[in-house]
RNA sequence: GUGGGGGUAGCUCAGCUGGUUAGAGCUCCAGGUUGUGGUCCUGGCGGUCGCGGGUUCGAAUCCCGUUCCUCACCCCA
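In this note's numbering, the protein residues as written are 679 to 1096.
Structural data, given as structure tokens:
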């Protein structure tokens, strides 16, 4: 046992008992996204490392410690994608998608990798779905993306989501806020944690995200970004909230919400759940008006979100699978000669769209019946010498216990009519 | 990288102030008279008690090391 192989730390197998639920989940995503006019994009599982270091931010800790990065045979540094916005934008630029229309709406649902110590809701290989609306600088686009995220979580049945919204301003406003924040924090420098002290230089806004109680207290008097916004930024933020209000989407303004990505401008948002554990963010996103240009495209505004599938599943908790009403047949052979005609019969049923299973272990009738029940078949079709002789089959309904003799010629139509 | 909890049958766990052949429930398999499930009854398969070392006449049980899982911290795209 100790010598056998095990899934890599932070990765999980999905067994048949799990995949049913995943497929349902995925169906909701695909359906809703299509309904909202978003088209699916699938990008390669790895990219040049530089794509991420340039977009996510050079913060070397993150880039070097939390990404799966390796050198390939031609000495190129590649990275298993840790997020999907940058790859999606890369594809958008590469395929000149701006020429297909002024507004491009894309969604994805794919697998990502991060090398972190696993815990509840945080795996090393995990899945996200998300949407990106590329081309519009206007607040209704921010709102649509947020509303879409809410709609999906709602459809999935997430119970107590909290929507947090904030704005980090355009780069102009943010610059002004940044210097005010630095002015505020510098005199307090010695009371800050080591990482926060570093950030004071590299990325002071991130300090707002701290969970350190002492720092949270210090920050209660910190300048508010809303006071540093220029009028366009302020107007944009107000409009976004206005749309949310109009649609009755409850949300909280959190002026401390600064998402970790460097590329955000103006709107940032997050949806959290109390039912998940320490990693409570189900979904996060925001506007990134400068990213596409940074990656070598034309200046193009965009806004999007990404949501963690495993975390949402956690928030949903255990759900009992509902029994399907669909007819599912298990063929029971009661004699050796019946085995000979087994395939023909099974094929006939399957070709007619009837879910069919049977035993290949040559087990007793009792064992076959047991198996049928275990597999939750709705009906048993029993064939033995007797039935072969008069070209019929017994059809037993497991729910009612009723059993009828049906002629072979009528079997398919009989089963289909159930 | 740091800290807490935990590794005993396929699963959930009991046993752990050391004592002879290691248990339960569920699952699985097989029977309960002729070819019929689920319920019920009976029986069976299944464990070198995570791995290595130590203490002891004797260790699942005590000690040390190690590894994996898990939750949390850090961090969070």
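Note that CB positions come from ideal geometry on N, CA and C, so glycine has one too.
Residue 919 versus residue 842: straight-line alpha-carbon distance, rounded: If I take the Cα positions, the gap works out to 11 Å.
Three CB pairs or more closer than 8 Å across the region 947–959 and the region 838–852: At 8 Å Cβ cutoff, the stretches touch.
Distance, residue 1049 Cα to residue 819 Cα: Going by the C-alpha atoms only, they are around 54 Å apart.
Residue 965, buried or exposed, once every other Cβ within 10 Å from all chains shown has been counted against 16: Looking at its Cβ environment, which holds 16 or more other Cβ atoms inside 10 Å, residue 965 is buried.
Nonlocal neighbours in the same chain, by C-beta distance under 6 Å from residue 1017, ignoring five residues either side: Cβ within range, chain order: 1011.
Coil, strand or helix - residue 797 by DSSP: Reduced to three states, the DSSP call for residue 797 is strand.
Neighbour-count burial assignment, residue 713, 16 or more Cβ in a 10 Å radius: The residue in question, residue 713, is exposed, as its Cβ has fewer than 16 Cβ neighbours within 10 Å.
Contiguous alpha helix (DSSP H) assignments of at least 4 residues, all confined to the region 876–959: Assignment of alpha helix (DSSP H) within the region 876–959, counting only whole runs of 4 or more residues, yields 891–897, 909–924 in chain order.
Beta carbon of residue 767 nearer than 7 Å to that of residue 973: In this structure, residue 973 lies closer than 7 Å to residue 767 by Cβ.
Supposed close pair residue 823, residue 724 - CB separation, criterion 8 Å: With a Cβ gap of about 27 Å, residue 823 and residue 724 do not count as contacting.
Buried versus exposed, by CB contacts within 10 Å (16 or more), residue 748: Counting Cβ neighbours within 10 Å, residue 748 comes out exposed, since fewer than 16 surround it.
Assigned secondary structure, residue 966 (DSSP; H/G/I helix, E/B strand, else coil): If DSSP states are grouped into helix, strand and coil, residue 966 belongs with coil.
Strand pairing of residue 1061, partner residues [DSSP]: In the DSSP secondary-structure assignment, residue 1061 is bridged to 1011.
Alpha helix (DSSP H) runs wholly inside the region 689–768, at least 4 long, in chain order: Listed in chain order, the complete alpha helix (DSSP H) runs (minimum 4 residues) inside the region 689–768 are 694–713, 727–734, 738–743.
Expected contact under 8 Å - CB spacing of residue 981 and residue 1055 to nearest Å: 49 Å between Cβ atoms; not a contact.
Complete runs of the alpha helix (DSSP H) confined to the region 1013–1087 [at least 4 residues]: If we require 4 residues or more, the alpha helix (DSSP H) runs fully inside the region 1013–1087 come out as 1014–1029, 1043–1052, 1063–1067.
Integer Cβ distance of residue 745 from residue 757, believed to fall under 8 Å: Right, their Cβ atoms sit about 5 Å apart.
Every unbroken alpha helix (DSSP H) inside the region 801–889 [4 residues or more]: Runs of the alpha helix (DSSP H) inside the region 801–889: 817–834, 849–863, 872–880.
When 859, 802, 1072, 917 are compared against residue 686, the one with the closest alpha-carbon: The shortest Cα separation from residue 686 among 859, 802, 1072, 917 belongs to 802.
Identified DSSP bridge partners for residue 978: BP columns for residue 978 are empty, so no partner.
Sequence-distant residues of the same chain with beta carbon closer than 6 Å to residue 877, five excluded per side: So the qualifying residues of the chain are 884, 885.
Selected residue, minimal CA-CA separation from residue 718, among 1019, 854, 705: Nearest C-alpha to residue 718: 705.
Cβ neighbours of residue 755 in the same chain (closer than 8 Å, five flanking residues each side left out): Correct list, in chain order: 726, 727, 728, 747, 748, 749.
Beta-carbon proximity check, residue 866 vs residue 896, cutoff 7 Å: When the beta-carbon positions are compared, residue 866 and residue 896 come within less than 7 Å of each other.
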